[in-house]
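Engineer:
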Amino acid sequence: GGGGGGAALGSAGAKSVGVNLWLTSRLPVPHMTLYVGVRAGRATLMADHLPRFDLGERPEHVAAFYGGEQASRWSAAQRVKGLTPFRSSDPSVRALQGPNALALHGAAADPHAVSALVAELDRHVGAWLGWVRTTPLLDDGAEAEAVRARDWSLRAALRDHERAAGERFMGPDVAATLSASMAGPELRAEEGARAEPLAWRPAAAADGVAKAAEEDLRRFGETAQRVVAGVPAAGGAEPGEHRSLSVEVTVHRDLGSFMAAKPGLEVLGDAGKPEVLVRAHAFAEPDWRSFDRPLANTPEGVYTYVHELAAAAGTESGPLAGPTICLKLKRREAVAAALGGTALDDLAAREGDAPDLEAARRVNQLACGWQPPPSLCAARSTGEPLRLELTGDRELLDAPDGPLGNKGGLYIESRVRVAPAEGNPSVLRVTSPTITTPLVGVPEQFRAGHYMKVLSPWAGYAEAIE
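Here it is in structure tokens:
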């Protein structure tokens, strides 16, 4: 996919921001357009989920993206007190809009009206993100090409409309630049530009087994966060501390949504009973060789990730059973600061920012002793238990010659490394890749993250030795 956006300061102090999100032709989800602005004391929201097909011929798309709850919410938005609905005066724009199209404005000084606009914006974006993460890709090349051709016409029409509308407020030169930006990069031949999202399912097809695996991975991820933070499973704080820790884990079914996710930390509750909440993420990574990801900042618009070769990772001695578990957690220091009521900046100034190079090793110990539910035990190995030597972590660093030059790309491509222990081939040395993000000096959403790949808790044959 790709996108375009622009911000403008127009006449009479008008301020506006617009974003268009254009998807690859293989993902049959509506494009998303957003505009928010304030002009002459009125706050405005315009948003749409632009159809990718002739909806008269595709009733299943009407049901999936525009019916049910979406239709009810759209109707309710037209009746919110303090907001006035309106429509574009350009018939060529109205002809392209979808059933979810919103155009609302209210007094910028009215907190109720502004709050209602923000709520509608959040709902509009949230619904779209859910579709992007869960909708299967098109397998039919001819159908994808037909979608691409329609997309081109749609984007060109909206570009021309936005340029004409912008000229009245900001002049032809600025309007031409902004409208071109909103149209996004030129469409390319997209067949094969995006691989199927990587996903893992248990070997058995029964829904009950799949659900059990997801729930157990959520439980494992929660315990892993506690292990990294050094907080007991009972949920209480360490002695002398006055907050309790809760962990919520989102289990992702595809690599794309896991890649986009960031761990978070909040301090909740009142002064009498404060609570620290960590939102972590987990993904059971299948075996894969390579996949393409559309990225507008690459020369060809697509970047190909290549999985680290098994031989390079030392796994020619026999890979460990089960999928690799990918985790996005919060660093021990961030949790300790929140539990102790200390500013993270102060803790970093006092203790420094060196990564904990034993964190993933401790999580691997957890995996070796994990007790899964009975429904997952059938897939466990019944062979002779392997003896594992769990080593310190392999911290990945930014590398100019690596994928996109950053350690995030290296993390995606990395493997848990497995090799015979020196002088004792009956023992396998296991080393997990990790990355840690800085405690200070970066935006909050990128701060104090601890990403790692660790052993499967479902292998059942791994025995850790000291």
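For the sequence shown, my numbering assigns the number 251 to the initial residue and increments by one for each residue that follows. Even glycine gets a Cβ: it sits at the ideal position worked out from N, Cα and C. Predicted, not measured: the structure shown is a model, and the values here were computed from it.
Are the stretch 604 to 618 and the stretch 470 to 478 touching by the rule of at least three beta carbon pairs closer than 8 Å?
Structural biologist: Yes: at least three Cβ pairs fall under 8 Å.
Engineer: Using a Cβ-Cβ cut-off of 8 Å, state whether Asp606 counts as contacting chain C.
Structural biologist: Absence of chain C from the displayed structure is noted, only one protein chain being present.
Engineer: For a test of the three-state rule: what should DSSP assign to Pro622, helix, strand or coil?
Structural biologist: Locating residue 622 in the sequence shown gives position 372, where the first residue counts as 1. The answer is coil: DSSP assigns Pro622 none of H, G, I, E or B.
Engineer: Hey, could you find the ends of the beta strand (DSSP E) His754 is sitting in?
Structural biologist: Nothing can be reported for residue 754: it is not among the residues displayed for the chain, which extend from 251 to 716.
Engineer: Using a Cβ distance threshold of 8 Å, determine whether the stretch 316 to 331 contacts the stretch 379 to 392, with at least three qualifying pairs required.
Structural biologist: No, they do not touch.
Engineer: Beta-carbon within less than 6 Å of Val501's beta-carbon, same chain only, minus the 5 sequence neighbours each way: which residues are those?
Structural biologist: Working through the sequence shown from its first residue, we reach residue 501 at position 251. The answer, listed in chain order, is Glu464, Leu467, Arg468 and Ala532.
Engineer: In the DSSP assignment, find the alpha helix (DSSP H) that holds Tyr661 and state where it starts and stops.
Structural biologist: Counting from 1 along the sequence shown, the entry for residue 661 is found at position 411. Taken as a continuous stretch (DSSP letters only), the alpha helix (DSSP H) holding Tyr661 covers Lys657 to Glu663.
Engineer: Where does Phe696 fall in DSSP's three states?
Structural biologist: As a first step, residue 696 is located in the sequence shown; it is residue number 446 there, counting from the start. Helix, per DSSP.
Engineer: Can you tell which of Tyr553, Ala530 and His557 has its C-alpha closest to the C-alpha of Trp538?
Structural biologist: Within the sequence shown, the letter at position 288 stands for residue 538. If we check each option's Cα against that of Trp538, His557 comes out closest.
Engineer: Taking buried to mean at least 16 other C-beta atoms within 10 Å of its own C-beta, is His281 buried or exposed?
Structural biologist: Position 31 of the sequence shown, counted from the start, is the residue given in the question as residue 281. Result: buried.
Engineer: Using DSSP with H/G/I as helix, E/B as strand and the rest coil, what is Gly514?
Structural biologist: Your numbering for residue 514 matches position 264 in the sequence shown. Three-state DSSP puts Gly514 in a strand.
Engineer: Please list, in chain order, all residues of the same chain as Val585 whose beta carbon is under 6 Å from its beta carbon, the five residues on each side excluded.
Structural biologist: Numbered from its first residue, the sequence shown carries residue 585 at position 335. The answer, listed in chain order, is Ala479.
Engineer: In whole angstroms, what is the alpha-carbon distance linking Ala649 and Ser664?
Structural biologist: Working through the sequence shown from its first residue, we reach residue 649 at position 399. Working through the sequence shown from its first residue, we reach residue 664 at position 414. Answer to the nearest angstrom: the Cα atoms are 13 Å apart.
Engineer: Tell me which same chain residues have a C-beta within less than 6 Å of the C-beta of Val343, skipping the five on either side of it?
Structural biologist: Within the sequence shown, the letter at position 93 stands for residue 343. Excluding positions up to five away in sequence, the list reads His411.
Engineer: Identify whether Asp542 lies in helix, strand or coil by the three-state DSSP scheme.
Structural biologist: Working through the sequence shown from its first residue, we reach residue 542 at position 292. DSSP places Asp542 in strand when its eight states are reduced to three.
Engineer: Do Val375 and Arg302 have their C-beta atoms within less than 8 Å of each other?
Structural biologist: Within the sequence shown, numbered from 1, the residue matching residue 375 stands at position 125. Within the sequence shown, numbered from 1, the residue matching residue 302 stands at position 52. No, the pair does not count as a contact, with Cβ atoms beyond the cut-off.
Engineer: Considering only residues of the same chain and omitting the five flanking positions on each side of Val528, which have a CB-CB separation below 6 Å?
Structural biologist: On the sequence shown, position 278 is the one that residue 528 refers to. Taken in chain order, the residues that qualify are Gln475, Val497, Leu515 and Lys580.
Engineer: Measure the C-alpha to C-alpha separation of Glu645 and Arg612 and round it to an integer number of angstroms.
Structural biologist: Sequence index remark: in the sequence shown, residue 645 carries index 395 (1-based). Sequence index remark: in the sequence shown, residue 612 carries index 362 (1-based). Those two C-alpha atoms are separated by around 15 Å.
Engineer: Any idea which residues DSSP pairs His281 with across the strands?
Structural biologist: The residue given as residue 281 occupies position 31 in the sequence shown. Its beta-bridge partners are Leu300.
Engineer: So for Gly458, helix, strand or coil by DSSP?
Structural biologist: Here residue 458 refers to the residue found at position 208 of the sequence shown. Only weak support is given to the placement of Gly458: the predicted model assigns it a pLDDT of 48, under 50, and the question is left unresolved by the model.
Engineer: Can you tell me which of the three DSSP states Leu616 falls into?
Structural biologist: Within the sequence shown, the letter at position 366 stands for residue 616. In the structure shown, Leu616 sits in a helix (DSSP, three-state: H, G or I).
Engineer: Ordered along the chain, which non-local residues of its own chain (more than five positions away) have a Cβ less than 7 Å from that of Ala377?
Structural biologist: Here residue 377 refers to the residue found at position 127 when the sequence shown is read from its first residue. The answer, listed in chain order, is Gln320.
Engineer: In whole angstroms, give me the CA-to-CA distance for Ala454 and Leu626.
Structural biologist: As a position in the sequence shown, residue 454 is number 204, starting the count at 1. As a position in the sequence shown, residue 626 is number 376, starting the count at 1. Note on Ala454: pLDDT 38, under 50, position unreliable in the model; no value is reported.
Engineer: Using 8 Å for Cβ pairs, my map puts Ala293 next to Gly332. What's the rounded Cβ distance?
Structural biologist: Here residue 293 refers to the residue found at position 43 when the sequence shown is read from its first residue. Here residue 332 refers to the residue found at position 82 when the sequence shown is read from its first residue. Not confirmed; about 10 Å, so no contact.
Engineer: Could you check the C-alpha separation between Leu346 and Gly356 for me, to the nearest Å?
Structural biologist: Position 96 of the sequence shown, counted from the start, is the residue given in the question as residue 346. Position 106 of the sequence shown, counted from the start, is the residue given in the question as residue 356. Spanning the two alpha carbons is a distance of roughly 25 Å.
Engineer: Using the Cα positions of Thr684 and Val666, report the straight-line distance between them to the nearest angstrom.
Structural biologist: The residue labelled residue 684 in the question sits at position 434 within the sequence shown. The residue labelled residue 666 in the question sits at position 416 within the sequence shown. Going from the Cα of Thr684 to the Cα of Val666 covers about 10 Å.
Engineer: Where Leu660 and Met702 are concerned, what is the direct C-alpha to C-alpha distance, given to the nearest angstrom?
Structural biologist: For this step, residue 660 is matched to residue 410 along the sequence shown. For this step, residue 702 is matched to residue 452 along the sequence shown. In a straight line, the C-alpha of Leu660 is about 11 Å away from that of Met702.
Engineer: Where do the N-terminal and C-terminal ends of the beta strand (DSSP E) with Leu597 fall, by residue?
Structural biologist: Here residue 597 is taken as the residue at index 347 of the sequence shown, counted from 1. First-last for Leu597: Leu594 to Glu601, but that is the alpha helix (DSSP H), not the beta strand (DSSP E).
Engineer: Where Gly642 and Thr686 are concerned, what is the direct C-alpha to C-alpha distance, given to the nearest angstrom?
Structural biologist: The sequence position of residue 642 within the sequence shown is 392, counting from 1. The sequence position of residue 686 within the sequence shown is 436, counting from 1. One C-alpha to the other measures close to 14 Å.
Engineer: If you draw a straight line from the C-alpha of Asp372 to the C-alpha of Pro422, how long is it?
Structural biologist: As a first step, residue 372 is located in the sequence shown; it is residue number 122 there, counting from the start. As a first step, residue 422 is located in the sequence shown; it is residue number 172 there, counting from the start. Rounded to the nearest angstrom, the two C-alpha atoms are 32 Å apart.
Engineer: How many angstroms separate the CA atom of Arg600 from the CA atom of Ala369?
Structural biologist: In the sequence shown, the residue the question calls residue 600 occupies position 350. In the sequence shown, the residue the question calls residue 369 occupies position 119. Distance between the alpha carbons of Arg600 and Ala369 is about 41 Å.
Engineer: Asp504 to Ala511, Cα distance in whole Å?
Structural biologist: For the purposes of this step, residue 504 is identified with residue 254 of the sequence shown, where counting begins at 1. For the purposes of this step, residue 511 is identified with residue 261 of the sequence shown, where counting begins at 1. Distance between the alpha carbons of Asp504 and Ala511 is about 11 Å.
Engineer: Under 8 Å Cβ to Cβ from Leu404, same chain only, skipping five residues before and after it: list those, please.
Structural biologist: Translated into positions along the sequence shown, residue 404 becomes position 154. Cβ neighbours of Leu404 beyond the five flanking positions: His281, Leu300 and Leu346.
Engineer: Enumerate, from N- to C-terminal direction, the unbroken beta strand (DSSP E) stretches of 3 or more residues contained entirely within the stretch 338 to 377.
Structural biologist: Those beta strand (DSSP E) runs which fall completely within the stretch 338 to 377 and span 3+ residues are 352 to 357.
Engineer: If I measure Cβ to Cβ from Gly572 and keep anything under 7 Å in the same chain, skipping five residues before and after, which residues do I get?
Structural biologist: Locating residue 572 in the sequence shown gives position 322, where the first residue counts as 1. Around Gly572: Ser706, Trp708 and Ala709.
Engineer: Within 10 Å of its beta-carbon, does Leu559 have 16 or more other beta-carbons around it, so buried, or fewer, so exposed?
Structural biologist: Residue 559 sits at position 309 when you count from the first residue of the sequence shown. Its Cβ having fewer than 16 others within 10 Å, Leu559 is exposed.
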